[in-house]
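Here's the structure, in structure tokens; my notes come after.
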Amino acid sequence: MFSFRLLKKSKRNKARLGLLKTPHGLIRTPAFVPVATKGALRGIDFEKTKNLGAEVFMINTFHFYLGHSYRLVKKFGGLHRFLGLNQPLMTDSGGFQVFSLGFGLAEGVGKILDQDRPVQTQGKNLVKITDRGVFFESPFDREKLYLDPERSIRIQKDLGADLIFAFDEFSSPTASYQYTREAMIRTHRWAETSLKTFGKNKTDQRLFGIVQGGEFKDLRQGSSQFIGALPFFGFGIGGSLGNTKTKMNEVLDWVVPFLPESKPRHLLGIGEVEDIFNAVKRGVDLFDCVTPTRLARHGAALTRQGRLNLKSGKHRQQKEPLEKTCSCWVCRNLSRAYLSYLVKNKEILGIYYLAWHNLYFIFNLIELIRTAIKTDRLAELERRFVQKLD
Ligand SMILES: [Zn+2]
């Protein structure tokens with residue numbers, strides 16, 4: 050029921066075309082995975098997003114653990130039925146959110162909680178990490194919670210997504226070499242426990258392992274070697290990728306060569322246009338990101354010339370579409386003036402139209418990338434898209 054097949058490998062770089070088969074359908078790779086954090090995309094629905102080109106969605110386990118909604122989902126027989134979706138789904142392990150909660154609050158990093166309003170914690174660290182798992186307090190109601198590889202996998206089994214992730218420790222981007230190394234060793238142990246809890250004969254789910262190691266070359270290579278040798282279905286590249294695009298590229302150059310050629314690779318939490326090109330060229334098959342819908346909520350549109358900010362007021366009189374070359378319905382029918390007007394008046398429809406265009410933009414880009422890999426013209430395509438992005 051599950052398979053991953055490579056259809057073509059580029060001669061000029063490490064880009065590849067693949068086909069990931071799941072019981073709920075096929076995913077053509079490279080694939081962009083929209084994130085439906087709490088089981089809902091923001092500003093747009095699943096059906097529309099599917100029609101725009103989404104072949105798989107990512108849902109965050111953390112949010113189904115807080116408040117224990119995963120139990121309700123289990124009663125429904127899993128996320129597919131609960132959400133009314135007959136399509137491939139992924140869940141992450143919850144690790145990213147839990148650990149970001151620790152250093153996010155302590156160091157002011159991390160926008161992980163997005164628009165939710167956590168209770169005031171006055172800089173108190175809500176997370177305690179042990180070698181077995183992690184204790185934390187819900188940022189919303191202070192409930193005391195605990196997550197470890199066993200529990201994360203069990204919750205993900207209850208949620209029933211097609212592709213699930215091993216529990217890992219996401220160490221802070223500011224962590225020292227020594228700490229990052231300890232966290233990586235824990236992640237390796239937890240990868241083995243995740244595999245054990247997942248079991249051998251699951252027919253309706255597959256498990257991805259996660260490579261950690263921060264921004265350190267030897268740790269990244271060691272982690273990739275270790276995790277890459279374990280019998281996972283695919284591999285996630287997690288953790289801090291540095292603050293610069295160059296650093297992300299370096300990390301990918303260290304990690305990818307140690308991962309098995311025949312298995313899918315997922316770069317976690319990346320999806321800016323420039324990052325997509327950089328990751329695809331380095332052999333990444335899947336990436337998830339909230340960018341298209343988040344930008345829409347902030348009144349911004351993705352274009353080949355960079356971001357268009359409709360809040361600025363600059364476009365209030367403009368009859369032209371968001372992007373002249375875009376053939377989405379929004380661009381064929383609506384003016385920047387009307388969209389700016391909707392955004393200014395905080396109309397829900399403004400967010401919806403921007404999310405529609407932004408998702409169309411990304412899925413159209415991915416389609417062009419797939420064609421470019423087929424014809425070995427990825428560099429030309431990149432030059433047309435990455436002009437002056439911020
Ligand atoms: Zn458009």
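In the numbering used here, the protein residues as written are 50 to 439.
Here a beta-carbon is modelled for each residue, glycine too, at the ideal position from N, C-alpha and C.
Quick caveat: nothing in here was measured; it's all calculated off a predicted structure.
With DSSP as the reference, please indicate the residues paired to residue i in a beta bridge.
i    : result
C338 : P83
E73  : It should be noted that the sequence gives His, not Glu, for residue 73. H73 is not bridged to any residue.
K57  : L66
M107 : V84, M139
Do you know how far the Cα of residue j is from the Cα of residue i?
i    : j    : result
Q136 : T110 : 18 Å
L162 : H112 : The predicted model places L162 with a pLDDT of 46, which falls under 50 and marks its position as unreliable; any figure quoted below should be read in that light. Each residue's alpha carbon lies about 10 Å from the other.
H237 : G258 : 9 Å
F53  : L69  : 4 Å
N407 : L351 : 6 Å
I411 : T140 : 21 Å
V158 : V339 : Residue placement at V158 is flagged as unreliable, the pLDDT there being 46, under the threshold of 50; the coordinate-derived value follows with that caveat. About 17 Å.
H364 : R432 : 26 Å
N292 : S187 : 28 Å
G248 : Y114 : 21 Å
I397 : A215 : 37 Å
R19  : E323 : The shown model of the chain, from 50 to 439, leaves out residue 19, and the question about it has no answer.
V168 : F189 : Residue placement at V168 is poorly supported in this model, since its pLDDT is 46, which falls under 50; the coordinates still yield a value, given next. Answer to the nearest angstrom: the Cα atoms are 5 Å apart.
R200 : E192 : 17 Å
K206 : T71  : 16 Å
In chain order, what residues of the same chain lie with their CB nearer than 8 Å to the CB of residue i, ignoring the 5 residues before and after it?
i    : result
K124 : none
V440 : With the chain covering only 50 through 439, there is no way to say anything about residue 440.
F131 : G88, L121, V122, F125
L208 : I108, T110, F113, Y119, V122, K123, G127, L128, T140
L194 : Y114, L115, F184, F185, E186, S187
Out of the options, state which residue places its alpha-carbon closest to the alpha-carbon of residue i.
i    : options                : result
T86  : T78, S142, S52         : S142
F284 : K57, S272, T293, Q366  : S272
G262 : P309, D217, L101, N292 : D217
R269 : R230, R255, P280, A278 : R230
S289 : I234, F275, G318       : G318
R331 : G362, R353, M297       : M297
F326 : K312, L301, F307       : L301
C377 : F148, A404, Y390       : A404
K58  : F152, F145, E310       : E310
K177 : H315, L414, G144       : G144
Does ligand 1 have a heavy atom nearer than 8 Å to the CB of residue i?
i    : result
H406 : yes
E372 : yes
Give every residue of the same chain whose Cβ lies closer than 7 Å to the Cβ of residue i, excluding the five residues on either side of it in the sequence, and list them in chain order.
i    : result
I400 : G92, A345, R346
L56  : L66, G67, L68
V82  : V105, F106, M107, M139, L335, F336, D337
K360 : G348, V392
Short of 6 Å in beta carbon distance, which residues of its chain neighbour residue i, apart from the five on each side in sequence? Order them along the chain.
i    : result
A349 : R356, N358
C375 : none
T424 : none
V84  : M107, D337, V339
I447 : Residue coverage of the chain in this structure runs from 50 to 439, which leaves residue 447 outside it and unanswerable.
Does residue i come within less than 9 Å of chain B when only Cβ atoms are used?
i    : result
L414 : Absent here is chain B; the protein component of the structure consists of one chain.
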